[in-house]
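If you read the sequences in order, they're chains A and B.
What the first sequence shows, in full-length UniProt numbering, is residues 1 to 661, in sequence order.
What the second sequence shows, in full-length UniProt numbering, is residues 1 to 661, in sequence order.
2 protein chains.
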Amino acid sequence: MTIQQPIASTTEDLMANAIRALAMDAVQAANSGHPGAPMGMADVATVLFNRFMTLDPKHDTWPDRDRFVMSAGHGSMLVYAINHLLGYDDMPMEQLKRFRELGSRTAGHPEYGHAKGIETTTGPLGQGISTAVGMALAERMMNARFGEDLVDHFTYVIAGDGCLMEGISHEAIDLAGHLKLSRLIVLWDDNGITIDGGTELSTSTDQRARFAAAGWHVQAVDGHDKEAVAAAIETARVNDRPSMIACKTVIGFGAPNKQGSHDVHGAPLGEEEIAAAREALGWGWPPFEIPDQVRDGWRAVAARGVEARADWAKRLATSPKAEAFRAAHGAVDAKALDAAICAYKHRLSEDRPKVATRKASEMALEIVNGTLPNTVGGSADLTGSNNTKTKGQTPVKPGDYTGSYIHYGIREHGMAAAMNGIALHGGMKPYGGTFLAFADYCRPAMRLSSLMGVPVVYVMTHDSIGLGEDGPTHQPVETIASLRAMPNHLVFRPADAVETAEAWQIAMTQEATPSTLALSRQGLPTLRTRHTEANLTARGAYLLRDPGARDVTLIATGSEVEIAMAAADLLEADGIKAAVVSAPCFELFAQQGPEYRAEVLGTAPRIGIEAAIRQGWDLFLRPEDDFVGMTGFGASAPAPDLYRHFGITAEAVAGLAKDMK
Amino acid sequence: MTIQQPIASTTEDLMANAIRALAMDAVQAANSGHPGAPMGMADVATVLFNRFMTLDPKHDTWPDRDRFVMSAGHGSMLVYAINHLLGYDDMPMEQLKRFRELGSRTAGHPEYGHAKGIETTTGPLGQGISTAVGMALAERMMNARFGEDLVDHFTYVIAGDGCLMEGISHEAIDLAGHLKLSRLIVLWDDNGITIDGGTELSTSTDQRARFAAAGWHVQAVDGHDKEAVAAAIETARVNDRPSMIACKTVIGFGAPNKQGSHDVHGAPLGEEEIAAAREALGWGWPPFEIPDQVRDGWRAVAARGVEARADWAKRLATSPKAEAFRAAHGAVDAKALDAAICAYKHRLSEDRPKVATRKASEMALEIVNGTLPNTVGGSADLTGSNNTKTKGQTPVKPGDYTGSYIHYGIREHGMAAAMNGIALHGGMKPYGGTFLAFADYCRPAMRLSSLMGVPVVYVMTHDSIGLGEDGPTHQPVETIASLRAMPNHLVFRPADAVETAEAWQIAMTQEATPSTLALSRQGLPTLRTRHTEANLTARGAYLLRDPGARDVTLIATGSEVEIAMAAADLLEADGIKAAVVSAPCFELFAQQGPEYRAEVLGTAPRIGIEAAIRQGWDLFLRPEDDFVGMTGFGASAPAPDLYRHFGITAEAVAGLAKDMK
């Protein structure tokens, strides 16, 4: 394959070739990485940034900046090269030379929080484009609230074949098309190459027809024809639908002997090919050297953004909505929330409702949504089951973004990624629901919530065999353990309405940690009948029933705390003193000091009780202790029958306790 | 909304209404379940079975039967009603009366293995249609091997809006369209209703255009017009592409006051509405009573299948391929595999290669694929990284199914579901690869492998921070724990080429348990230098280095066993006797007797070593023991730097051991 364009002549050509040179040189220096995508998409990215992107490297979190998401995250060097050239102060050339080294900001894939100007972590394919849908949705919702003076920007995505083959892309594309997210523009790196070889090995999909079927505006261009790319972006910007621009590109464009083949995707080009590429591109400068003309070109992009941001700041200063806008982007009003939750808990301790914790979650959400103005609820088509919609909430609709509730459709994974995007965009706090068993469908996006430290809240109801007749496909037995395994993720399994309210309070005030609330389908009594101002759930586990000197300690979570309390009653009748520990959040208990933990757990024999597998319970249990729970999948039957069948009963617990004593 | 057809008059109309009556009566009796889909799709299903399906209820595993997959698994009563009416001997009326009761065969969702004629477990949306793609692919592959005399059948799917909104459906549809799986026919229950309300709440996708974009043949019919449905199926059967028939239906058809609304989706109709439905449908019989005319109609379907199977049996009896065909459907030749693996292990003990276990996996696969004639390999576009393709394997291509390797594309979830389908179809043993971190993408389908007991093999390479520069998005730290949490799933993490071969041997001889092989990217020395005929990996964990009386026991898996061995050397130099336990499979170790476990673990202080989180290690470790591993996400850097950075080194282990002693 031969180079398809003349030797670089314009500044814009040189700006693109600067990306290519930095990408191939950094990958070579690291002896690891992906030169193919940055070199192939350098022209498209240069046109996008040079002619359209509005950003200010000195104010990288400016709310009204355009968002750029490199969904094909393996092409991270494209991002780092651009951010260096734009002049982000944390991306000096030295960082590019240290690509993929320990402690550098230039990680193998773009990592949110590692360097400025990285809007989201990408690498797991399909996540970037799906997260961008959340960003574009948040933009429209914030626009509806604050007007175009304060919120009026675009979300641009570079996506590869991998992103478009992943299932999550279907959920994201459908949701964006349905909601008419007109500020979302996806540039598809249509290079016809995957790792195994040509795309014809595994796909025959007409991507343009596919996007059109989902309600998108679709164009196709030669991705190395800068004027064509510019014209297409121009057209996309004024269309009232989300836009996909198929950019026909040559992967590794510029490497004369390797371009257009999968060999250029994920390995250094080698010194010889790099020299040949330099010649073919007419790039005469040594590695990591950028001529002034090119640097000036890129700095002009930044200068345009600086001006735009200054104008915006003036508008904000005089806006009647300035205070509300700033508040939306600041920390949650923890004081107000604490006061509201405290008052609510006090009422609960008197009312003592017997409700499922999914219902208790709705009750707590009434407080949360009534106190915090910028929550965004939703469910993956289980609104009435997840109880995620509170009284005041109206749904977001195509073209009408004033609502604060999202019908995500039967798209758990897309919902999770969109919530990441909403949270990353800023200004709103998303939560969304599905059945706990279907956390598996969300898991890759939940992992990114944790890795990025995005405080999304997952409302996962029907959290055990207690859901009954729907059977083992719907009954999580290993799901709680699998979520507790995830670093930087709070898993709450509240026992009653009080703990549910406390869990919501903690989840909504997290700044860098996502939460999952595992909630029951079945009704549960209020066990915390004595009101405390303190949020006891914040300790992770606490003594719910303290008999003083104890013969046995029963430790339970969620719906099984009721069973533990009943077992303690049975034991008491037999003269055995049982303490009951409610353990709504393992992660928070693990953070407590040794004294507190020792005080709660005591030295007596222990029994853990959870309608799930034992894995992870060694936080509480020693080898000599016992566990009442599940050892395999559940079954389809009414919940009480299942609890009896699997031996998760107060009688079984009491029997064990007697044997242990 | 009024009933759109006249009172039932033909036998076929009555056959359809029998499904409706049984569905609404069983759901009412259970006071739980989903009448909407069975009532809405009763006409389509009746036409499908009455005029097309070939099956023999007395030989429910007859290999050349047509497959029927109820992807909208909540409509399970449609399946149970039909299977009862067809005369499956394990589905007497009593089972329908016990719908959703403990111990009945009529679980809330169709569960593979619970009753005859259930081809796969469904309920988690999108899984059925995606599993069916694997079945339809297996049919074509078996047809290519054994000819149309022995293999020539269809796979029919009923899918709902939920199935088509799920991301996995995109992967499945694209793969099926690409491979031109002409024997796959999807009947879409286009009823415009989801749980939250009308589909217009969350989707605007033109499904017909979408399927066409993926290379499908598409038709649309009134799903209550039986002749139209029949004509469409007829047309679909002779098309050379997979077919989607959009069947416009009224959910809950027949319930005069509730049909066409989401109220009829997932709750009993109530006695009053059921009475009204009986009148509207002209169905005069009491609950659970079927008139002879109707029963005869359904039994005629079965009779047609009995005849077809008898003809097929005659063809098989005289086929020169009969022996091979029977062998393909029988158990693996465990003896031959054992001999081949033993001979290979013997060579390894002499050659002692230093290879990554992903490479060792390829070497073992050369033996496996050379010994077992019916393995089917594949990868989600990481063939060269997963090392899943052996020398003799050629890829399956559109229209050419002679190969035994599948380029699944960047579709981990679709791959996993397709492998379930291939295994369920029978005749072939599938394995497929991706990076271990992306097990999360496969997880809902992996869970079904485990729940159904389908012995699929997942080849998951790049199994720790040892993958290096790609960074935390690609580094599984919690993934191994999350897979060990899954019931009925063997997770192998072999330490060297010998254990890798042993793991493959165990995985390939499983009959009802899927396996995951977690394999290193980085090179590892052969540690099992003394040849044993016995498969030591089958014990789950064993003493790799036994110093006799020991001061400390080091327990490690996979790439960290090398570190444990090096630590033992360091300790030996200081006069401390360290035993090293290699623990390639926790699940198998948990199955060993207490004597063996005590012998392996000893009583000395223990240190667990795994470049992953500790969760699950209480199988080996007591509270006083120690663990060297990860506590959070990884980072992007060369692997040796990461091991040092996170303190997973022989020096660190030896230091800890000295402190413990």
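Just so you know, even glycine gets a beta-carbon here, dropped at the ideal spot from N, CA and C.
From a predicted model like this one, the values you see are computed outputs, not experimental measurements.
Residue burial classification, M93/B (beta-carbon count within 10 angstroms, cutoff 16): exposed
Span of the beta strand (DSSP E) around A578/A: A578 to S582
Continuous beta strand (DSSP E) stretch holding L554/B: start and end: V552 to A556
Member of F620/B, R644/B, R614/B and L467/B whose CA lies at the smallest distance from the CA of M630/B: R614/B
Interface residues of chain A facing P623/B [CB-CB closer than 7 Å]: R622
CB contact below 8 Å: P547/B versus chain A: no
Rounded straight-line distance, which links the Cα of D546/A to that of A579/A: 5 Å
Chain A contact residues for Y441/B, given Cβ-Cβ distances below 7 Å: P444
Through-space distance from W216/A to I7/B, alpha-carbon basis: Reliability of the predicted coordinates at I7/B is poor, the pLDDT of 43 falling under 50, and the value obtained from them is presented with this limitation in mind. Cα to Cα, I7/B sits roughly 44 Å from W216/A.
Whole-Å CB distance - T194/B paired with I480/A, under 8 Å assumed: The Cβ separation is near 27 Å, so there is no contact.
C-beta neighbour in chain B for Q28/A, strict 8 Å: no
CB of S130/B within 8 Å of CB of G414/B, strictly: yes
As assigned by DSSP and simplified to three states, the class of I406/A: strand
Sequence-distant residues of its chain with Cβ nearer than 6 Å to F620/B (five each side left out): I555 and G608
Contacts that V477/A makes with chain B (C-beta to C-beta distance below 8 Å): P487
Under the three-state DSSP convention, the category L85/B falls into: helix
First and last residue of the uninterrupted beta strand (DSSP E) at T394/B: Where T394/B is concerned, there is no enclosing beta strand (DSSP E), given that its DSSP letter is neither H nor E.
Per-residue DSSP class, three states only, for A343/B: helix
Contacts that R493/B makes with chain A (C-beta to C-beta distance below 9 Å): Correct list: empty, because the minimum Cβ distance to chain A is about 15 Å.
Below-8 Å beta-carbon distance, M165/B vs any chain A residue: yes
With 16 other Cβ atoms within 10 Å as the buried cut-off, status of E119/B: buried
Straight-line gap, H262/A to L467/B (C-alpha atoms, nearest Å): 20 Å
Residues near V552/A by beta carbon distance below 6 Å, same chain, minus five either side: A578, A604, P605 and A657
Which listed residue (D222/B, G177/B and L181/B) has its alpha carbon closest to that of A213/B: G177/B
Interface partners of I168/B on chain A, CB under 8 Å: G167
Boundaries of the beta strand (DSSP E) in which A246/B is found, first to last residue: S243 to K248
Contact residues within the stretch 102-113 of chain B, judged by C-beta distance below 9 Å to chain A: L102, G103, S104, T106, A107, G108, H109 and E111
6 Å CB neighbourhood of I173/A in its chain, flanking five on each side removed: A214
Nearest neighbour of S182/A, chosen from P398/A, T390/A and C247/A [CA to CA]: P398/A
Beta-ladder partner(s) of R545/B, from DSSP: V580/B
At least 3 beta-carbon pairs within less than 8 Å: the stretch 376-390 of chain B vs the stretch 426-444 of chain B: yes
Where L201/B meets chain A, residues with beta-carbon distance less than 8 Å: P395, H407 and G409
Integer Cβ distance of V600/B from L543/B, believed to fall under 8 Å: 6 Å
Distance between L483/B and I367/A (C-alpha atoms, nearest Å): 38 Å
Burial state of G162/A, where buried means 16 or more other Cβ atoms lie within 10 Å: buried
Short CB-CB distance (under 8 Å) between H599/A and chain B: According to the sequence shown, residue 599/A is Glu rather than His. No, E599/A does not count as interfacial toward chain B.
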